[in-house]
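Right, one structure below, let's go through it.
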Amino acid sequence: LYDPPQNWKPLWAIDENINDAQKAGGNIQLPTGSFTVEELLSILNTLPIDMTFVDKDDKVKYFSQSADRIFQRSRAILNRDVRHCHPPSSAHIVDKIVDDFKTGKASRAPFWINKGGKFVHIEYFALRNENGDYLGTLEVSHDLSGYRALEGEQRILSYSK
């Protein structure tokens with residue numbers, strides 16, 4: 195699959211408000227503070243987790259680009275139906291999660307697997323607005339192997355590599 199250059203943006207994916215803020219060097223204002231686009235991208239890509247956002251119409255709209263992604267993503271998945279991003283053998287599970295989130299039957303769906311010597315926690319979250327309307331699904335994956343091996347306490351500053 196073709197993986198376009200970093201700064202490529204499909205026409206359908208340009209959010210005019212964010213694009214205007216970026217052009218003006220302005221901030222994205224949130225209820226508890228604000229960020230520049232550069233700061234927000236740095237935050238999202240620095241967190242040691244993989245995040246993928248699927249909108250209310252089941253289209254993949256965003257994924258983080260952290261250094262150590264567990265599940266590799268290509269920008270070719272953007273605007274693709276989420277069902278086409280999973281193996282056919284798990285399509286029924288994707289359908290159930292999405293349907294249960296849309297109907298309000300569930301708001302979280304946790305899983306954990308062993309993958310390539312890593313203990314991976316995967317959780318899906320229903321995103322809702324203040325009125326409870328379904329906005330989409332956030333998939334968060336995290337390698338918990340290092341945390342499982344922790345013992346005792348670390349109370350003294352020690353930078354990890």
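Numbering follows this note's numbering, with no gaps: position 108 of the sequence shown is 302.
The beta-carbon is built from N, C-alpha and C at its ideal position, and this holds for glycine as well.
All values reported here derive from a predicted model rather than from experimental measurement.
Judged by DSSP in its simplified three-state form, residue 246 adopts strand.
With fewer than 16 other Cβ atoms inside 10 Å of its own Cβ, residue 352 counts as exposed. Each of 235, 267, 272 and 239 was checked against the Cα of residue 251, and the nearest Cα belongs to 272.
Within the same chain, and ignoring the five residues on either side of residue 267 in sequence, the residues whose Cβ sits closer than 6 Å to its Cβ are 257. Residue 236: member of the alpha helix (DSSP H) spanning 231–240, first to last residue.
Nearest Cα to residue 342 within the set 306, 222, 323 and 327: 306.
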